[in-house]
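Below is one structure, written out as structure tokens, with a few remarks after it.
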DNA sequence: GGTGTTGAAGCACGTTCGTGCTAAAAACTA
DNA sequence: TAGTTTTTAGCACGAACGTGCTTCAACACC
């Protein structure tokens, strides 16, 4: 009946425009007019696919969560495939944790967008549900990683959660610094800190 | 000659209003009109003390940096006064690192404001200088703390910087999680993660 | 070929923003 | 009391925002 347009592809294009705007100009600049311009559409067209500005933002938040979670899941599979304590496993772990950091252009955009939405969710209630999903999803993946790296700690749920939260906090802090102070927190510095933290996970799994 | 008003005190009151608005509604809501309302003044009055919106925001950013740095310096003095390896020193260190976290109302407001400005500085060039000052100041304090805790590492500048950046990243990540996911990252969880990290600093200062 | 649904575009309204500018109010001096 | 200067208050303008609503073109089906 109607003009044939792949609606899902269009929505994806619009979301990509949202990502680019957030990464370069910040979330508050991701207005319908700016997004429409960036996507090469009119405001009315964007609103044809997203009923409101809020719906567009929530959908975009969900999209970036899915992208990041997908990458992490794939990397986690590599970790699981490698034999324990091997060099391959170590590299797979480094690769997984590197997914958190803005090490290339694509990762940097995702990291910017992810951070922006999570911080905005503190204020905007519409984003709260996705923010919690984001935290739950990533925490689960990091928890599984910890269980692979030090299975002994899986006995004590308390310890497992603490170790996982510590790794997660460190990764988020590293990502933040890499985004906000790129001159100080270079890729090498990220790598150094990351390896130092992994070392501390191996050598000091528990203690008084 | 004129009406006697303590200009510095007035500016401080306005800045406090800015802090409250940022903490409760976010930085983008800290407009001149909102700030004037919150401070119980007219827009023209606020603009009498701050020539523009940018000037108000930059001044507020500097104010929160000074507050946080002041607290950290005071806590660092306590660490320096305590005898090495003592329980008093351990508690002083915990107290210092606790200054990063939103453990009470005042700390939470400062943490919100601090985070908001640092993230905004990625986009707004007017805030860039203060953001760098913020990073330099806090990194210097954390570096001094590391030198106190493990003087041996002070030999290798590279290692010192890595350890300091790791601690800083972990603290920023913890602060972020405490602000964004307060149900998950409770005060107890913060304390657990913090002590686990301190343990890892002591037991694994260096290695292959 | 006509018809109706859908994609695309745009207008209009009310709100909020920063800011230049004006003017009243207040308080100290002469 | 009259004058001077700081402080306070407010108006007006252009720009940007979200959104309800209308209009037009394009295409698949009867």
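Residue numbers (the numbering used here), protein chains in the order written: chain C, 103 to 310; chain D, 103 to 310.
Don't be surprised by glycine CBs; every beta carbon is placed ideally from N, CA and C.
Original post:
Any idea if residue 245 (chain C) is buried or exposed, counting beta-carbon neighbours within 10 angstroms, 16 or more meaning buried?
Top reply: Within 10 angstroms of the beta-carbon of residue 245 (chain C) lie 16 or more other beta-carbons, which makes it buried.
**OP:** Please work out which residues of its chain come closer than 6 Å, Cβ to Cβ, to residue 293 (chain C), disregarding the five sequence neighbours upstream and downstream, and give them in chain order.
**Re:** Once the five neighbours on either side are set aside, residue 293 (chain C) has no close Cβ partner at all.
Subject >> Span of the alpha helix (DSSP H), counted from its first residue to its last, around residue 161 (chain D) >> reply: Start and end: 155–183.
Original post:
When you compare only the Cα positions, how much space is there between residue 130 (chain D) and residue 260 (chain C)?
Top reply: Rounded to whole angstroms, residue 130 (chain D) to residue 260 (chain C) spans 38 Å at the Cα level.
**OP:** Go ahead and pull the three-state DSSP assignment for residue 252 (chain D).
**Re:** Residue state, collapsed to three classes: coil.
Original post:
Hey, residue 243 (chain D) and residue 175 (chain D): beta-carbon distance below 8 Å or not?
Top reply: Residue 175 (chain D) sits close to residue 243 (chain D), with the two beta carbons spaced by under 8 Å.
**OP:** Whole angstroms is fine: what's the gap from residue 139 (chain D)'s alpha carbon to residue 280 (chain C)'s?
**Re:** Pairing residue 139 (chain D) with residue 280 (chain C), the inter-Cα distance amounts to about 37 Å.
**OP:** For residue 276 (chain D), I'd like the list of residues in its chain whose CB is within less than 8 Å of its CB, leaving aside the five on either flank, ordered along the chain.
**Re:** So the list reads 202, 203, 287, 292, 295 and 296, once near-sequence residues are dropped.
Original post:
Of all Cβ atoms in chain D, is any one closer than 8 Å to the Cβ of residue 192 (chain C)?
Top reply: It does not: the Cβ of residue 192 (chain C) has no partner Cβ on chain D nearer than 8 Å.
**OP:** Tell whether a beta-carbon distance below 8 Å holds between residue 156 (chain D) and residue 228 (chain D).
**Re:** Contact flag set, yes.
Subject >> Assigned exposure category for residue 116 (chain C) - 16 Cβ within 10 Å defines buried >> reply: With 16 or more other Cβ atoms from the protein chains shown falling within 10 Å of its own Cβ, residue 116 (chain C) counts as buried.
**OP:** Classify residue 255 (chain D) as buried or exposed, calling it buried when 16 or more other Cβ atoms lie within 10 Å of its own Cβ.
**Re:** The residue is buried, with at least 16 neighbouring Cβ atoms inside 10 Å.
Original post:
Along the chain, where does the alpha helix (DSSP H) that runs through residue 149 (chain C) open and close?
Top reply: That run of the alpha helix (DSSP H) goes 145–151.
**OP:** Measure from the C-beta of residue 114 (chain D) to each C-beta in chain C and report whether the shortest distance is under 8 Å.
**Re:** Under the Cβ distance rule, residue 114 (chain D) does not count among the residues neighbouring chain C, no pair being separated by less than 8 Å.
Original post:
Using Cβ-Cβ distances below 8 Å, what residues of the stretch 264–276 of chain C are close to chain D?
Top reply: Within the stretch 264–276 of chain C, contact with chain D at the beta-carbon level (separation under 8 Å) is assigned to 264, 265, 267, 268, 270, 271, 272, 273, 274, 275 and 276.
Original post:
Looking at chain C, which residues of the stretch 135–158 of chain D have a Cβ within less than 8 Å of any of its Cβ atoms?
Top reply: Listed by position, the residues of the stretch 135–158 of chain D near chain C (Cβ gap below 8 Å) amount to none.
Original post:
According to a CB-to-CB cut-off of less than 8 Å, which residues of the stretch 279–292 of chain C neighbour chain D?
Top reply: Hits within the stretch, in order: 279, 281, 282, 283, 286, 287 and 291.
Subject >> Neighbour flag for residue 315 (chain D) against chain C, beta carbons, 8 Å >> reply: With chain D running from 103 to 310 in the structure shown, residue 315 (chain D) is simply not present.
Original post:
If we ignore side chains and look at the alpha-carbon of each, how far apart do residue 247 (chain C) and residue 219 (chain C) end up?
Top reply: About 25 Å.
Original post:
Ordered along the chain, which non-local residues of its own chain (more than five positions away) have a Cβ less than 8 Å from that of residue 135 (chain D)?
Top reply: The answer, listed in chain order, is 145.
**OP:** Report the three-state DSSP secondary structure of residue 202 (chain D) (helix, strand or coil).
**Re:** Shown here, residue 202 (chain D) sits in coil according to DSSP, grouped into three states, outside any helix or strand.
Subject >> residue 257 (chain C) - DSSP class collapsed to helix/strand/coil >> reply: When secondary structure is reduced to three states using DSSP, residue 257 (chain C) falls in the helix class.
**OP:** Check residue 135 (chain C) in the structure and name its three-state DSSP category.
**Re:** The answer is helix: DSSP assigns residue 135 (chain C) an H, G or I state.
Original post:
When you compare only the Cα positions, how much space is there between residue 196 (chain D) and residue 184 (chain D)?
Top reply: The straight-line gap separating the alpha-carbon atoms of residue 196 (chain D) and residue 184 (chain D) is approximately 13 Å.
Original post:
Taking 8 Å as the CB-CB limit, is residue 224 (chain D) close to chain C?
Top reply: For residue 224 (chain D), the nearest CB of chain C lies under 8 Å from its own CB, placing it at the interface with that chain.
Original post:
Quick one: what does DSSP say residue 294 (chain C) is sitting in, helix, strand or coil?
Top reply: DSSP places residue 294 (chain C) in helix when its eight states are reduced to three.
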